[in-house]
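Before any comments, here is the structure.
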């Protein structure tokens, strides 16, 4: 399994709709960040589903190294 690429070192502020599922890119290769576009194929990494409980703005991890997939936990601050 490959390590994920850092898509960006800040989170993606994204408006989500209650009841809707979103597929967060875990590999960092997607051209549709922060969401999966299938670019993970062959990496051993898979997208992670996020199901919105309510409509609001959430902060999806951009560095792909979060300890709490799919959300940003501040890990990007310690990456070089």
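Residue numbers (this note's numbering): 894 to 973.
Positions of the beta carbon are idealized from the N, C-alpha and C atoms, including for glycine.
None of these values were measured; they are calculated from a predicted model.
Are the beta-carbon atoms of residue i and residue j separated by less than 8 Å?
| i | j | result |
| --- | --- | --- |
| residue 942 | residue 923 | no |
| residue 920 | residue 936 | yes |
| residue 934 | residue 898 | no |
| residue 948 | residue 900 | no |
Exposed or buried, residue i, counting other C-beta atoms within 10 Å across all chains shown (16 or more means buried)?
| i | result |
| --- | --- |
| residue 955 | buried |
| residue 944 | exposed |
| residue 997 | Because the chain is modelled from 894 through 973, residue 997 falls outside the range shown and cannot be assessed. |
| residue 938 | buried |
Output needed for residue i: all residues of its chain with C-beta closer than 6 Å, excluding positions within five of it in sequence on either side, in chain order.
| i | result |
| --- | --- |
| residue 908 | 950 |
| residue 963 | 917, 941, 943, 953 |
Helix, strand or coil, according to DSSP, for residue i in the structure here?
| i | result |
| --- | --- |
| residue 971 | helix |
| residue 907 | strand |
| residue 895 | coil |
| residue 963 | coil |
| residue 949 | strand |
Between residue i and the rest of its own chain, which residues show a CB-CB distance below 7 Å, the 5 nearest in sequence each way excluded?
| i | result |
| --- | --- |
| residue 906 | 950, 952 |
| residue 959 | 965, 966, 968 |
| residue 928 | 915, 916, 917, 918 |
With DSSP as the reference, identify every bridge partner of residue i, one or two as the case may be.
| i | result |
| --- | --- |
| residue 914 | 944 |
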